[in-house]
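Encoded as structure tokens, the structure appears first; notes follow it.
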Amino acid sequence: MKRAIEAYCLGIESTADDFGVGISNFKGDIIANASSSYIPEEGGIHPREAARHHAEAADEVLNEALTKAEVKPRDLNIVAFSQGPGLGPCLRTGATVARALSSYLNIPLVGVNHSIAHIEIGKLTTGAHDPVTLYVSGGNTMVTAYDCGRYRVFGETLDIALGNCLDVFAREAGLKHKKGTPLGAAIEQLATKGDKLIPLPYVVKGMDISLSGLLTAATTALNKGKCRLEDLCYSLQEHAFSMVTEVTERALAHTEKREVLLTGGVAANRRLQAMIAVIAEEHGALFKTVPKEFATDNGAMIAWTGVLAYTNGIVTPLENSYAKLRWRIEKADVPWLK
Amino acid sequence: MAEVASQTLIKKGAEARLYLAEWHGRKVIVKMRFPKKYRPSELDEQIRVYRTTHESQLMHEAKLAGVPTPTIFLVDISKAAITMEFIEGNQVKQLLDKISTEERKKLCIKLGELIGKLHGQGVIHGDLTTSNMILNADDKVFLVDFGLGEKSIELEAKGVDLHLMKRALQSTHYKFAEECFQNVIDGYSKVRGAEETTKVLEKIKQIERRGRYVAERREEE
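Protein chains in written order, with the numbering used here: chain A, 745 to 1082; chain B, 3 to 223.
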């Protein structure tokens, strides 16, 4: 009976290839986190095809989450959705599902910034309070920390995202998408068997990095066929990870925060974790990595961030619930932080 | 390092440690790049040696352009260490939010002029943040930390350099970021001329559009 008086938020994530539904209560217990991934037959994510997958999967994933949580739709208090940044067709599909639920159940709608959700779920699950966050995924690569009312970006990629760089290289190398294992994991696996460091571009510009030249050089070396794939994977990882680690260390030295949080899909990579752990230790900061199930895009992070936003006065009226494709992290209000 | 006595660590940055020391009766800064344990040693050494040599060369080039930089006394490649003049003064980072609007304007125009002079000489600083600028008692601004710099006359490099300045202002001095950057551009324009400045500004826009999820990209849609 106790649970009947509990308040719940259902969160919908659909920025890219994952459609996720999570349910969190207002105290921050994640009671469901269901998802379904679009796997392209070849190449990268086709936004329209991904959106079609999300529309088809929505019903099943919603049911799975509600069943797992043992919560009836009528027991929900708010619906949160990932409003951006991300791929337009995918975002719009998630927003449509969220709007439908909100108006059918007559409960408030809360638009959540996807990047902030990655940080908030990281804080919730690791106990971090005020970290420097390295957020690395297929679509994002940034070093961010809270300062004066906003999450500020201290460094970011000037071109492609880290996960994107690894994925494209993996596809060039003919590595295949296996169900449940991202392409990055295949590179990580091969890299452990590499030991020869092949010189590749290392581009740090101030606090920002550039990865496109590295990808081109690695791909060129691959196509020449003179290097072992294992050595190339190793070298690609060592260069790319050293670059993001360097800018994270700079942000850590600059902000003098006491915690470093690693989040996003690439956070699952052990080599990257090890590198960040080294700089955290050097600066006397605690190192935290988000658990794997919350590292990739997921609905739970949207649900929890929805709770934070709603309980601090944020509601998204229907007319403002359009997809914000390029909603930068520092443009989003975070009234729950002081 | 045998000639340098009595070192005191004054700053432990992410990349290097700065020691205040005495060298032949002068107050000097010894900048040492220590090995980074997180990256493979071959890569690490290559980066540290590259940055140490280039930093020294660029600081000299900057002087030729009329941009004050600390004078270099000694470069020790094996230790990735540079011994240079100690500049008494305050970091612009500490000052910018505290001074009057008028002073801030003057200072930012001066920064823009210095960046313009650097670019005119084909020197790209590579890390234009307000903590790398020191104002001394004679109202002279010194640029330090050329470790990420390069020699280039490409519009792209100049654009990225100024874009970094803009980003640094936005992250550290967000209250005044816009006016400050405008003043920096005004100073830059004084040195480089309106035509070149317009080109660089165009380039900056292009660079910003290249990033992911930036509002500037909307213009294309």
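Backbone N, C-alpha and C define an ideal beta-carbon position, used for all residues, glycine too.
Using the beta-carbon of each residue, which ones in chain B are nearer than 8 Å to residue i?
i      : result
A:V988 : Correct list: empty, because the minimum Cβ distance to chain B is about 10 Å.
A:V948 : L150
A:E974 : Going along chain B, no residue has its Cβ under 8 Å from A:E974, so there is no contact; the nearest lies around 15 Å.
A:A997 : K14, G15, A16
A:L849 : The premise fails here: A:L849 is roughly 31 Å from chain B at the closest Cβ pair, so nothing lies under 8 Å.
Along chain A, which residues have their Cβ under 9 Å away from the Cβ of residue i?
i      : result
B:Y190 : The contacting residues do not exist; B:Y190 stays about 17 Å from chain A at best.
Would you mind working out which of the options sits nearest residue i, comparing C-alpha positions?
i       : options                            : result
A:A1039 : A:E974, A:G755, A:G1008            : A:G1008
A:A872  : A:A1018, A:T1049, A:R1072, A:L1006 : A:L1006
B:H62   : B:S102, B:Y52, B:F75               : B:F75
A:E786  : A:I1046, A:D874, A:L927, A:V765    : A:L927
B:A83   : B:E47, B:S102, B:I136              : B:E47
B:D1    : B:E17, B:Q184, B:K13               : Chain B is shown only over 3 to 223; residue 1 of chain B falls outside these bounds and no answer can be derived.
B:R53   : A:A861, A:K1001, A:I756, A:V948    : A:V948
B:R28   : B:R41, B:Y40, B:P72                : B:P72
A:N769  : A:G828, A:D803, A:A1044, A:Y782    : A:A1044
A:V1078 : A:E1063, A:L1052, A:E990           : A:L1052
A:A961  : A:I953, A:L980, A:G950, A:R972     : A:L980
A:V823  : A:L1069, A:R1070, A:I1046, A:K1068 : A:I1046
A:T885  : A:E814, A:C892, A:I863, A:T870     : A:I863
A:G1057 : A:V854, A:V805, A:L845             : A:V854
B:D163  : B:K177, B:K14, B:F148, B:H175      : B:F148
B:Y176  : A:P945, A:L919, A:R896             : A:R896
B:P42   : A:Y946, A:A802, A:P1061            : A:Y946
A:G772  : A:G866, A:A1011, A:T811, A:S847    : A:G866
A:F913  : A:G882, A:H998, A:A801             : A:G882
A:I953  : A:E990, A:N777, A:E1000            : A:E990
A:L845  : A:G828, A:G918, A:H797, A:N821     : A:N821
Given the structure, does residue i come close to the ligand FMN, in the sense that its CB is under 7 Å from one of the ligand's heavy atoms?
i      : result
A:K771 : With respect to small molecules bound, the structure shown includes none, and the ligand FMN cannot be examined in it.
Excluding sequence positions up to five away, which residues of its chain have a Cβ less than 6 Å from the Cβ of residue i?
i       : result
B:M3    : In this prediction, B:M3 scores a pLDDT of 47, lower than 50, which makes its location untrustworthy; the coordinate-derived value is nonetheless stated afterwards. So no residue of the chain qualifies.
B:I31   : L20, M86, F88
A:L1081 : Y890
A:A795  : P833, C834, T837
A:K746  : In this predicted model, A:K746 has a pLDDT of only 47, less than 50, meaning its place in the structure is not dependable; the value taken from the coordinates is given anyway. If we look at A:K746 and ignore the five residues flanking it on each side, it has no Cβ neighbours.
A:L831  : A760, P791
B:K153  : G124
B:A217  : Residue placement at B:A217 is flagged as unreliable, the pLDDT there being 48, under the threshold of 50; a coordinate-derived value is accordingly withheld.
A:R1014 : none
B:L203  : none
A:G755  : G766, A824, G1043, I1046, A1047, G1050
A:Y978  : A935, G938
B:G151  : L60, I126, H127, G128
If the cut is a Cβ gap below 7 Å, which residues of chain B does residue i touch?
i       : result
A:F898  : S173
A:M1019 : Y40
A:E982  : R41, P42, L45
A:E993  : A16
Could you work out which residues of chain A lie near residue i, taking near to mean beta carbons separated by less than 8 Å?
i      : result
B:E204 : Result: empty, since nearest Cβ-Cβ is about 17 Å, beyond 8 Å.
For residue i, I'd like the list of residues in its chain whose CB is within less than 7 Å of its CB, leaving aside the five on either flank, ordered along the chain.
i      : result
A:K937 : E974
B:L120 : A64, A67, V69, H127
B:R219 : A caution first: B:R219 carries a pLDDT of 41, below 50, which makes its placement in the model unreliable, though a value can still be read off. The answer, listed in chain order, is R211.
A:L955 : T901, D903, I904, L906, C909, A984
A:E982 : L941
B:Q172 : A179
Leaving out five residues on either side along the sequence, give the residues of the same chain with a beta carbon under 8 Å from the beta carbon of residue i.
i       : result
B:K205  : L157, E158, K160, G161
A:H790  : P784
A:L996  : V876, V1004, I1023, A1024, H1027, A1029
A:T1055 : F770, W1080
B:I79   : V51, T54, T55
B:E115  : G189, Y190, K192, V193
B:E221  : Only weak support is given to the placement of B:E221: the predicted model assigns it a pLDDT of 39, under 50, and the question is left unresolved by the model.
Find the residues of chain A that neighbour residue i, judging by a C-beta separation of less than 7 Å, and give them in chain order.
i      : result
B:K39  : V1022
B:R212 : L902, D903
Along the chain, which unbroken stretches of the beta strand (DSSP E) at least 3 residues long are found entirely within the region 88 to 160 of chain B?
Within the region 88 to 160 of chain B, the complete beta strand (DSSP E) runs of at least 3 residues are 135 to 137, 143 to 145.
Mind checking the region 145 to 168 of chain B against chain A and listing, in chain order, the residues whose C-beta falls within less than 7 Å of any C-beta there?
L150, V162, L166
Beta carbons nearer than 9 Å to chain A: which residues of the region 128 to 142 of chain B have them?
G128, D129, L130, T131, S133
Scan the region 22 to 55 of chain B for residues whose Cβ lies nearer than 7 Å to a Cβ of chain A and list them as they occur along the chain.
K39, Y40, R41, P42, E44, L45, I49
Short-range partners of chain B found in the region 917 to 943 of chain A, where Cβ spacing is below 7 Å
L941
Along the chain, which unbroken stretches of the beta strand (DSSP E) at least 3 residues long are found entirely within the region 853 to 893 of chain A?
853 to 857, 876 to 880, 885 to 891
Extract the residue ranges of the beta strand (DSSP E) inside the region 759 to 787 of chain A, only unbroken runs of 3 or more that lie entirely within it.
Listed in chain order, the complete beta strand (DSSP E) runs (minimum 3 residues) inside the region 759 to 787 of chain A are 762 to 769, 774 to 781.
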